[in-house]
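Undergrad: The structure that follows is given in the form of structure tokens.
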Amino acid sequence: MDILLYLIPAALVLGLIGLGGFLWALKSGQYDDLDGAAYRILFEDDELPPADGTAHEGR
Amino acid sequence: MATPRAAAVADEMGAEPGVRSHADTTGPGAEGRCLHCGLPAPSAADRGDGDPPGDGDGRFCCSGCAAAYRLVAGLGLADYYRRRTLDPDQRPLKPEDDAGDSGGVDLASHVHTAEGRSRVSLVVEGLHWAACVWLIESVLAREPGVISARVNMTTRRLALAWREAETDGDRLVGAVRRLGYRLVPFDTERLDSERRRREGELVRAMAVAGFAAGNVMLLSVSIWAGASQGMGPATRDLLHWISALIAMPAIAYAGRPFFRSALSVLRMGRTNMDVPISLGVLLAVAMSLYQTARGAEHAYFDSAIGLLFFLLVGRYLDLLARGRARSAAEHLLALGTKAVTVLGSGGERRVLAPARVEPGMSVLVAAGERIGIDGRVIAGVSEVDTALIDGESVPKPVAPGTRLFAGTLNLAAPLTVAVTAVGDGTLLAEIARLIEAAEQQRGRYVALADRVARLYAPVVHSLALLSFLGWWLGAGAAWQDALLIAISVLIITCPCALALAVPVVHVIASGRLLRRGILLKSGTALERLSGANTIVFDKTGTLTLGRSRLVEAAGREADRAALAQAAALAAASRHPLARALVRAAEAHGIVVTVAGGVIEVPGAGLERLTADGIMRLGSRAFVGAQGSGATDGEGSEAGPELWLARPGEAAVRFVFADAPRDDARAVITALQQRGYMVELLSGDRPAVVAAVAAAVGIATWQAGCTPSDKVRRLEALAGRGARVLMVGDGLNDAPALAAASVSLSPATAVDVSQTAADLVFQGDRLAPVVEALVVARRAQRLVKQNLGLALIYNATTIPLAVAGLVTPLIAAIAMSTSSLVVIANALRLNRRSVS
């Protein structure tokens, strides 16, 4: 059963990474607007300067 | 913003086949609807001799909308009009006349500046579609100097940051206002910090507890699986030690909310639910540590941390349910912070936040502006819309000397007002006080849960102590074994299901109501709503829409021409009756065109010089219509009226009334069928009230009620054992709303009534009243079922624990299943729909 000495710490470290990731996401405000995020993906955010932006619209 | 180039581009854009054809197919732009806001727009062909308010080709209703459309198209954002869906129930996206600057918003006191960077948070009004988020963010992103602009759709807030050197806040706010949105700044620090801090702490504790519980339970599975397959004691001890290593720091971190609360009540010499929880968890950990050190077979780490995790979930859901109510109240509070224009002694104008205005100051109130203070008119003649205060749909004339109240709307002409009340006397302070009161007040059922807890905690403590003493002294067991049994009693009786039963149902119910446009403001409203058996309605603004509509009395077919002419005059005014006249004309298929050269005489009416003479629309005295027709004398009884006088013709009378909401009758009938007693209490005249009562089918009604009459009537009903649901709006209903056992307000109601009411519903229909009652009754049934399930669980497991039959495995399984059963039961609320 020596393998446990490696596997359990490995599993715990992976779990801790997940926990850390969640706490980081929480802290950086990724759960603040759950409704908007669902729609945001639908907006093509063409960050075009106004000068050429119009040539692209409506066609 | 509208540089010549941008405007040229916009025109080109507007002529683009893609944009145009789209607009034509989706409604706006077609059938004379404004391209920007979707309101009716006069077309060029129908336009009379007046000056065109739009861009001249009939695609816009006003110059504000035309400018907004040019701005949007000029920035290459015309996709917005394709992405959005117009919702006729919502406020149209119509820019205000003074849009372009910050609109008198006192931004400076809300801006936080550091190192040349400024931040401000604003509440966005008029945000109804996801496309609005995109439009606002895109428009701001194209402004120079903007660092970030982010709209939160859930809270309807815009977080804006910019470089102070390159632009200023007023300019950015103006850019968004030009699109038709209204922005109100608010102070994030003041409103948010406490709740956010608590919510953040709970979520972090939940995450840590969840992580630890999952891992410790995995190890427990190994231990139990190993026990049946002959795992060696050394491996088992190793697994126990690892469990201890995970569980102890996690419990120390995640248990803090409970430990803190338990400590604080113990210091005051009382006990609450957190005491047995903390005691059980801490004793379990201590005992398990001792057992592990001894190399014993059982440890309780998994139970301790699992218990903590479930309890944290319940606690978080509880906070969430209350937080929803609170954020709605915060929104109201933010909307109350309207800026006030103060006149200095030298005639100079300053824009101040209402809190900084002092009694005795002179305040200028522009036409169309909502009055932010209580005061007395010094100069100016105008009409004031007091609908928010007394529910009256017809504006009241004001002159020097008249008292004005915060929340009323100045309609016709600028007024100078001497401030009489600020600070604690203002509407804002009253709202804040009411919110605090609502926060503190907790309903019967939660109080019952607290009573149960107060009873439950000593019972659990003495049960555990008794089983310890019984096993140690009575049955002669070793003290370690006796303590183990006592701990298992503490753990198994921990009110997991009890702590989850009520919050889960409330969160699901309030979520469901929110999707139907009903806002639950008090945590116990559902419970009180479910007990209601009598429903009392207010009339104006509740059963009716609170808007005047033209009734057909004078609308004879022969008067169609008169109606068209009157509507042409009325289209130039913002007066509610004038607007009602325009709406009625449109309903008759008349294309209303704005007449040119219309002069508005404040408090009297409208007049216009035509080739034949003066055409007038307004009060009877104004048009000078004495001997006109057979309808003299009964005018003031029937309702508000307008007269049209044309050169060389008899004056024509238009009579208005406040018609019931479309589905009022159906809703009343449905309520009566469900066995509710329905009553109508109104401050209006008996004739009007009787007509509305008959129209919607209410047999019991009372007219001419003052606010205290309403409260007395409610008390009389309560004395007879009725539990009353009050549905009302205006400020005159607020005492009744507070006095009733539960209350509901339409979202159009005055802020104070919305705050006094337990629930707020949106939209022009009355159907949400039925929906709320049905959901409340069902939720209450589920809460009772859940409490019953939790009690059954305790009744079966406590004897087992006292008898010493509960192993850690059984404790863990029993706890999890009881929690899952309670949650699953609550979820049933989401499934069945209300017809």
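In order, the protein sequence lines correspond to chains U and H.
Taking the working numbering, the leading residue of the first sequence gets 32, the next gets one more, and so forth.
Taking the working numbering, the leading residue of the second sequence gets -17, the next gets one more, and so forth.
Virtual Cβ for every residue (Gly too), placed ideally from N, Cα, C.
Remember, predicted model here, so these are calculated numbers, not experimental data.
1. May I have the straight-line CA-CA distance separating A286/H from A772/H, to the nearest angstrom?
2. Compute the distance between the beta-carbons of V848/H and A483/H, then report whether it is under 8 Å.
3. Quick one: does R186/H have its CB under 8 Å from some CB of chain U?
4. Hey, does I118/H have any beta-carbon neighbour from chain U nearer than 8 Å?
5. As a quick exercise: from A552/H, A722/H and L53/H, pick the residue whose alpha carbon is nearest that of S601/H.
6. How long is the line joining the alpha carbons of L707/H and F636/H, rounded to whole angstroms?
7. Starting from the beta carbon of L54/U, find every residue of chain H whose beta carbon is closer than 7 Å, and list them in chain order.
8. Could you give the distance in angstroms between the alpha-carbon of R747/H and the alpha-carbon of R498/H?
9. L122/H and V158/H - do their beta-carbons sit closer together than 8 Å?
10. Measuring CA to CA, which of S202/H, A195/H and G251/H is closest to M230/H?
11. Looking at the secondary structure, which residues open and close the alpha helix (DSSP H) in which W55/U lies?
12. Please confirm whether A224/H has its beta-carbon closer than 8 Å to some beta-carbon of chain U.
13. Touch check for the stretch 565 to 574 of chain H and the stretch 588 to 602 of chain H: three-plus C-beta pairs under 8 Å?
14. State yes or no: is the C-beta of L741/H within less than 8 Å of the C-beta of V489/H?
15. For V295/H, would you say it is in contact with chain U, using Cβ-to-Cβ distances shorter than 8 Å as the test?
16. At the 8 Å Cβ level, is D66/U part of the contact set with chain H, yes or no?
17. What residue does the beta strand (DSSP E) around F638/H start on, and which one ends it?
18. Using three-state DSSP, classify A189/H as helix, strand or coil.
19. For the stretch 448 to 457 of chain H against the stretch 750 to 765 of chain H, do three or more pairs of beta-carbon atoms, one drawn from each stretch, fall closer than 8 Å, so that the two count as touching?
20. Give the straight-line distance between the Cα atoms of Q654/H and G679/H, rounded to the nearest whole angstrom.
21. Using alpha carbons as the reference points, say which of D463/H, Q211/H and M199/H lies closest to A226/H.
22. According to DSSP, simplified to helix, strand and coil, what is H222/H?
23. With DSSP as the reference, label F292/H as helix, strand or coil.
24. Taking the alpha carbon of L35/U as the point to measure from, which residue in L220/H, A646/H and I355/H has its own alpha carbon closest?
25. Please tell me whether V267/H has its Cβ less than 8 Å away from any Cβ of chain C.
26. Under DSSP, the beta strand (DSSP E) around Q684/H begins and ends at which residues?
27. Within this structure, are the beta carbons of I129/H and A141/H separated by less than 8 Å?
28. The alpha helix (DSSP H) spanning T779/H covers which residue range?
29. List the whole-angstrom C-beta distance separating A586/H from A550/H, where the pair is believed to meet the contact cut-off of C-beta under 8 Å.
30. Could you list which residues in chain U have their beta carbon closer than 8 Å to that of M135/H, in chain order?
31. Which of the three DSSP states is assigned to T592/H in this structure?
32. Taking buried to mean at least 16 other C-beta atoms within 10 Å of its own C-beta, is K58/U buried or exposed?
33. Would you list the residues sitting across from F743/H in a DSSP beta bridge?
34. Got a sec: is the Cβ-Cβ distance from N392/H to anything in chain U below 8 Å?
35. From V102/H, R101/H and L109/H, pick the residue whose C-alpha is nearest to that of R66/H; which is it?
36. Tell me where the beta strand (DSSP E) around L624/H begins and ends.
TA: Let me spell this out:
1. 19 Å
2. Nothing about residue 848/H can be reported from this structure: the residues present for chain H run from -17 to 817 only.
3. yes
4. no
5. A552/H
6. 37 Å
7. R186 and A189
8. 11 Å
9. yes
10. A195/H
11. I34 to K58
12. The sequence shown places Ile at residue 224/H, rather than the Ala named in the question. True, the Cβ-Cβ gap to chain U drops below 8 Å.
13. no
14. no
15. no
16. yes
17. V634 to P642
18. helix
19. no
20. 10 Å
21. M199/H
22. helix
23. helix
24. L220/H
25. Judged by its chain identifiers, the structure shown contains no chain C, and its protein chains are U and H.
26. T682 to Q684
27. no
28. P750 to V784
29. Their Cβ separation, rounded to whole angstroms, is 18 Å, which puts A586/H and A550/H out of contact at 8 Å.
30. D64, D66, G67 and Y70
31. coil
32. exposed
33. I500/H and P728/H
34. no
35. L109/H
36. E623 to A627
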